[in-house]
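Novice:
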Amino acid sequence: MHRELARGKTEVLDADLSKYFDTIPHAELMQCLARRIADGAVLSLIKRWLKVPVEQRDEKGRPRYSGGKGSKQGTPQGGVISPLLANIYINRLLKVFAASGLGRKHAARIISYADDFVVVSRKGAAEVLTQVKRWLEGLKLTLNDTKTRIVDAKAENFRFLGYELGPMMNQRTQRRYLGVQPSKQAKEKIREKVSKALRRGRTERWEVIRDELNGILRGWANYFAYGSPYATFRLVDIHVAQRVRNLLRRRHKLPRATSRFSYPEVHGRLGVIEVRRLLSTHAGT
Numbered sequence: 000m001h002r003e004l005a006r007g008k009t010e011v012l013d014a015d016l017s018k019y020f021d022t023i024p025h026a027e028l029m030q031c032l033a034r035r036i037a038d039g040a041v042l043s044l045i046k047r048w049l050k051v052p053v054e055q056r057d058e059k060g061r062p063r064y065s066g067g068k069g070s071k072q073g074t075p076q077g078g079v080i081s082p083l084l085a086n087i088y089i090n091r092l093l094k095v096f097a098a099s100g101l102g103r104k105h106a107a108r109i110i111s112y113a114d115d116f117v118v119v120s121r122k123g124a125a126e127v128l129t130q131v132k133r134w135l136e137g138l139k140l141t142l143n144d145t146k147t148r149i150v151d152a153k154a155e156n157f158r159f160l161g162y163e164l165g166p167m168m169n170q171r172t173q174r175r176y177l178g179v180q181p182s183k184q185a186k187e188k189i190r191e192k193v194s195k196a197l198r199r200g201r202t203e204r205w206e207v208i209r210d211e212l213n214g215i216l217r218g219w220a221n222y223f224a225y226g227s228p229y230a231t232f233r234l235v236d237i238h239v240a241q242r243v244r245n246l247l248r249r250r251h252k253l254p255r256a257t258s259r260f261s262y263p264e265v266h267g268r269l270g271v272i273e274v275r276r277l278l279s280t281h282a283g284t
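When you line the sequence shown up against numbering that gives the first Met the number 0, it's residues 0 to 284, in that order.
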């Protein structure tokens, strides 16, 4: 998508759906599924699955329940087929957009996955926004007005599927360019996952912890290898080395000033993958 941003003026409708997974209407969703699935037993199973009560936790960690037999909307978040159902339902928006003529009129294109979508256009983004709101109301969905915005993609950044797209700065040359990199939220999440995997008090063998950590890092790196992620990957490697060092220093009861478990040792003898080294693998594929 970032190649499209480089061609002339580009406006982006950066959309945010309010509680999409929680508000998908069951009746309309089942109609969408019935057009694709002929087996009544499968449809009945999905319908019953949509009615299953879901236990969640509030901000204070207290349990609360949603869904149940009386519910008429929402798909269980974390459910194995929820993203698939979300994609199937939002496809109604994609179809009406394609048939509307807005794409030809404004050189516009809608790009979506589950509850995340953007509209890239050469002009007329305000008209597109107005029409998209109307279509979503017909689907019994709403836009989050505080998070939905129209941006000039050559002057402002926007987020999509964990990435940040738009104008960026090459720190070495100080030259601006249009690019793609992991978003701030994506960086925070990987740091949190690393810290959790290397939390104080773990008693498993180092090989067990290392393999778990490498699985986390490899999965994250494979997803965020697109664009210009080198600087972010380098910071992740540094964070990982520091967390590993802290864990092993405490485990071996060593002083804080110890020279053991340095960066080269963590990413060498101790076997923790260096995510920035994975970029060369992706570049060759």
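We treat Cβ as the ideally placed atom computed from N, Cα and C, and that holds for glycine. Being a predicted model, the structure only gives us computed values, none of them experimental.
1. Helix or strand or just coil, what does DSSP make of Pro24?
2. Counting pairs of beta carbons, one from the region 83-93 and one from the region 13-29, are three or more of them closer than 8 Å?
3. Do you know how far the Cα of Val150 is from the Cα of Glu10?
4. Determine the direct distance from the alpha carbon of Val239 to that of Leu273, and round the result to whole angstroms.
5. Keeping to the same chain, check which residues put their C-beta closer than 8 Å to that of Tyr162; ignore five residues upstream and five downstream.
6. Alpha carbon to alpha carbon, what distance is there between Glu136 and Thr284?
7. So is Leu44 buried or exposed if we call it buried at 16+ other beta carbons inside 10 Å?
8. What does a CB cutoff of less than 6 Å around Ala152 pick up in its chain, not counting 5 residues either side in sequence?
9. With a Cβ-Cβ cutoff of 8 Å, do Leu357 and Arg209 count as a contact?
10. On the DSSP letters alone, give me the boundaries of the beta strand (DSSP E) that Gln180 sits inside.
11. Measuring CB to CB, does Arg242 end up less than 8 Å from Val193?
12. Assuming Val131 contacts Val118 under a Cβ cut-off of 8 Å, what Cβ separation, rounded to an integer in Å, is found between them?
13. Leaving out five residues on either side along the sequence, give the residues of the same chain with a beta carbon under 7 Å from the beta carbon of Arg47.
14. Assuming Ala196 and Glu211 make a contact with CB atoms under 8 Å, what is their CB distance in whole Å?
15. Excluding the 5 residues flanking Asp114 on each side, which residues of the same chain have their C-beta closer than 7 Å to its C-beta?
16. Taking the CB atoms as reference points, tell me whether Ile109 and Leu93 lie closer together than 8 Å.
17. Which two residues bound the contiguous beta strand (DSSP E) that contains Leu164?
18. Is Leu142 helix, strand or coil when you go by DSSP?
19. If you run the structure through DSSP and keep just helix, strand and coil, what is Ser109?
20. If I follow the unbroken alpha helix (DSSP H) through Ile45, where does it start and stop?
21. Taking Cβ positions, are His25 and Lys68 nearer each other than 8 Å?
22. At what residues does the alpha helix (DSSP H) containing Arg204 begin and finish?
23. For Arg15, which beta-bridge partners are listed by DSSP?
24. With distances taken Cα to Cα, identify the nearest neighbour of Lys122 among Tyr112, Glu203, Lys139, Leu101.
25. Note the first and the last residue of the continuous alpha helix (DSSP H) segment covering Ile237.
26. What residue does the alpha helix (DSSP H) around Phe96 start on, and which one ends it?
27. What do you get for Ala97, buried or exposed, if any count of 16 or more other CB atoms within 10 angstroms of its CB means buried?
Specialist: According to the data block:
1. strand
2. yes
3. 6 Å
4. Checking the sequence, you will find Glu at residue 273 rather than Leu. A straight line joining the alpha-carbon of Glu273 with that of Val239 spans about 9 Å.
5. Excluding residues up to 5 positions away in sequence, Val179, Gln180, Pro181, Ser182, Ala185, Phe223, Tyr225, Gly226 lie with their Cβ nearer than 8 Å to the Cβ of Tyr162 in the same chain.
6. Because the pLDDT of Thr284 is 46, which lies under 50, any placement of that residue in the model is unreliable, and the question is left without a value.
7. exposed
8. Leu4, Thr9, Val11, Gly165
9. Only positions 0 to 284 of the chain appear in this structure, which leaves residue 357 out of reach.
10. 175-181
11. yes
12. Going by Cβ atoms, the distance from Val131 to Val118 rounds to 7 Å, so yes, they are a contact pair.
13. none
14. Confirmed, about 6 Å.
15. Leu16, Tyr19, Phe20, Ala85
16. Cβ atoms of Ile109 and Leu93: closer than 8 Å.
17. Residues 162-168.
18. strand
19. The displayed chain sequence assigns Ile, not Ser, to residue 109. Per DSSP, reduced to three states, the secondary structure at Ile109 is strand.
20. 39-49
21. At least 8 Å separates the beta-carbon of His25 from that of Lys68.
22. For Arg204, no alpha helix (DSSP H) encloses it, and the DSSP letter there is neither H nor E.
23. A small fix is needed here, since residue 15 is Asp in this sequence, not Arg. DSSP output for Asp15 lists Asp115 as bridge partner(s).
24. In terms of CA proximity to Lys122, Leu101 leads the group Tyr112, Glu203, Lys139, Leu101.
25. 229-250
26. Where Phe96 is concerned, the enclosing alpha helix (DSSP H) stretches over 81-99.
27. Exposure of Ala97 is indicated by the presence of fewer than 16 other C-beta atoms within 10 angstroms of its C-beta.
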